[in-house]
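As structure tokens, the structure follows; a few thoughts come after it.
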Amino acid sequence: MTEGLVIKSTGSWYKVKLSDGSTIDARIRGKLRIADIKSTNPVSVGDIVFLDKEADNEYMITDLKPRKNYIIRKSTNLSKQTHIIAANIDLALLITSLKQPKLKFGFVDRFLMTAEAYGIPAVIVFNKMDLLDEEELDYLKDLSEAYQKVGYPSLHISVNDGFGIETIKEMIEGKITLFSGHSGVGKSSLLNALNATIETRVSTVSESNEKGKHTTTFAEMFEISPKTYVIDTPGIKNFGLTDMTPDELKNYFPEMVKLSSECRFSNCIHLNEPGCAVRDAFENSELPWFRYEDYQNFYDEIKTGKF
Ligand SMILES: Nc1nc2c(ncn2[C@@H]2O[C@H](COP(=O)(O)OP(=O)(O)OP(=O)(O)O)[C@@H](O)[C@H]2O)c(=O)[nH]1
Ligand SMILES: [Mg+2]
Ligand SMILES: [Zn+2]
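Each residue of the sequence shown is one higher than the one before, counting from 1 in our numbering.
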């Protein structure tokens, strides 16, 4: 039996990197089903699989290792089925830009919350620094400090100027990293900057901003260097959290988790309870208010099934 890492999936066959460094094509034998997930695809990129070599030299995937995490997308049909986008992710980089395209504010917190729920460490990357004037730079500095305060590091980069690329290289070394972000923020450009031999399509912003159009349509894992992989995803808007309850949401805001032991009630959800240390911290501006607003919004959305 051989072990390998799935680096590409088309649904009917899989590209698998074996431990000796070679890459082979494999299929799934019979009905490989993962007990606890109703997914349309049993195996995704990032999965560690076990393979058998058949008599005709074809590789068959016979089993997979338990995942440390995975991200899903709700299938487009109305069934409860989900599609696993990727598994075993070490780091999620949320690529954004203040301009071209304009930063969508609540989206950042939505992403960070989702990453917490999936158990994936997240870092915010502000790309296109070359486009910013003094005032915008000041604004970005404040925003980064606010995120630092609640527990998220951020990086300021410009793919065009080659600024910050080395820092990202060091950060992703030896990991499976997910690139997420809206269309046009520079995910594919960054990927090209990290490894020039990787061919991904880079679009112009005007082209990629057309509604519903994405240059990158399939999650694919790219090898930046041996053991360093990046998954470039289509828009994260499709990410689904299928079974979160509103009262669970507070666990995915690290600044709330940190303070919650100081709340009067151990099951405080930090909304209207008396003696809530979390709400106090936001109201006293010890924590950035916009995070609390997003918390309230997400709470309502989850409660009404709109998230
Ligand atoms: N000014 C500036 N433009 C950049 C920078 N990085 C990327 N771009 C441009 O932004 C546009 C979109 O880049 P892509 O890399 O295709 O964006 P993407 O995030 O992969 O987009 P999708 O594949 O549609 O999700 C291209 O025209 C890039 O040249 C940067 O640092 N500064
Ligand atoms: Mg792209
Ligand atoms: Zn509280």
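Just so it is clear, CB atoms sit at the ideal spot from N, CA and C, and this is done for glycine as well. Bear in mind that the values here come from a model prediction, so they are computed numbers and not experimental data.
Is the separation between the beta-carbon of residue i and that of residue j shorter than 8 Å?
{"i": "Glu3", "j": "Phe50", "result": "yes"}
{"i": "Ile84", "j": "Ser39", "result": "yes"}
{"i": "Val108", "j": "Leu131", "result": "no"}
{"i": "Ile176", "j": "Gly21", "result": "no"}
{"i": "Lys128", "j": "Gln100", "result": "yes"}
{"i": "Val159", "j": "Thr96", "result": "no"}
{"i": "Val278", "j": "Leu249", "result": "no"}
{"i": "Glu220", "j": "Lys17", "result": "no"}
{"i": "Ala92", "j": "Leu178", "result": "yes"}
{"i": "Asp232", "j": "Ser188", "result": "yes"}
{"i": "Asn69", "j": "Ile120", "result": "yes"}
{"i": "Phe163", "j": "Ile157", "result": "yes"}
{"i": "Val150", "j": "Glu301", "result": "no"}
Between the Cα of residue i and the Cα atoms of the options, which residue gives the shortest distance?
{"i": "Phe105", "options": "Ile85, Ala92, Ala87 and Phe126", "result": "Phe126"}
{"i": "Thr245", "options": "Arg27, Gln100 and Thr304", "result": "Thr304"}
{"i": "Ala193", "options": "Val16, Leu5, Val185 and Glu166", "result": "Glu166"}
{"i": "Lys15", "options": "Asp247, Asp280 and Glu223", "result": "Glu223"}
{"i": "Glu134", "options": "Lys17, Leu98 and Leu271", "result": "Leu98"}
{"i": "Ile124", "options": "Cys263, Ser180 and Glu273", "result": "Ser180"}
{"i": "Arg27", "options": "Asn284, Thr62 and Ile231", "result": "Thr62"}
{"i": "Phe265", "options": "Cys276, Leu287 and Ile120", "result": "Cys276"}
{"i": "Asn309", "options": "Asn272, Thr197 and Gly174", "result": "The displayed coordinates of the chain run from 1 to 307. Any statement about residue 309 would go beyond what the structure contains."}
{"i": "Glu145", "options": "Arg291, Gln296 and Tyr299", "result": "Arg291"}
{"i": "Pro42", "options": "Thr23, Thr82, Asp56 and Asp280", "result": "Thr82"}
{"i": "Asp294", "options": "Phe111, Arg73 and Ile168", "result": "Phe111"}
{"i": "Glu136", "options": "Arg67, Pro153, Leu103 and Asp161", "result": "Leu103"}
{"i": "Thr197", "options": "Asp138, Ser154 and Ser225", "result": "Ser225"}
{"i": "Asp243", "options": "His182, Phe307 and Pro66", "result": "Phe307"}
{"i": "Val6", "options": "Tyr139, Leu143 and Lys227", "result": "Lys227"}
{"i": "Asp90", "options": "Asp247, Ala122 and Leu64", "result": "Ala122"}
{"i": "Gln296", "options": "Glu286, Ser285, Leu271 and Asn284", "result": "Leu271"}
{"i": "Leu64", "options": "Leu143, Ile48, Thr10 and Ile269", "result": "Ile48"}
{"i": "Ser44", "options": "Ile168, Lys169, Glu199 and Arg73", "result": "Arg73"}
{"i": "Ile24", "options": "Leu143, Glu58 and Thr10", "result": "Glu58"}
{"i": "Asp247", "options": "Cys263, Tyr229 and Cys268", "result": "Cys268"}
{"i": "Ala86", "options": "Val230, His182, Lys169 and Ser19", "result": "Val230"}
Tell me, to the nearest whole angstrom, how far the beta carbon of residue i is from that of residue j; I am working on the premise that it is less than 8 Å.
{"i": "Phe253", "j": "Met113", "result": "7 Å"}
{"i": "Tyr147", "j": "Ile71", "result": "The pair is not a contact, with the Cβ atoms about 21 Å apart (cut-off 8 Å)."}
{"i": "Trp289", "j": "Phe282", "result": "6 Å"}
{"i": "Met1", "j": "Asp52", "result": "6 Å"}
Between residue i and ligand 5, is there a pair consisting of the residue's CB and a ligand heavy atom that are separated by less than 7 Å?
{"i": "Lys227", "result": "In terms of ligand content, the structure shown lacks ligand 5 and carries ligand 1, ligand 2 and ligand 3 instead."}
Can you check whether the C-beta of residue i is within less than 8 Å of a C-beta belonging to chain E?
{"i": "Tyr147", "result": "Going by chain labels, chain E is absent from the structure shown, which holds only one protein chain."}
- [ ] Quick one: which unbroken beta strand (DSSP E) runs of 3-plus residues sit fully inside the segment 49–123? Chain order, please.
- [x] DSSP runs (the beta strand (DSSP E)) wholly in the segment 49–123: 59–64, 70–74, 82–87 and 91–97.
TODO: Note down, one range per segment and in chain order, each beta strand (DSSP E) of at least 3 residues found wholly within the segment 122–189.
DONE: 122–127, 154–156 and 176–180
Task: Contact shell at 5 Å, judged by CB to any heavy atom of ligand 3, ordered along the chain - done: Those residues whose C-beta sits under 5 Å from the nearest heavy atom of ligand 3 are, from N- to C-terminal order along the chain, Cys263, Cys268, His270, Cys276 and Val278.
Task: Residue ranges of each alpha helix (DSSP H) within the segment 228–293, 4 or longer - done: 254–259 and 277–283
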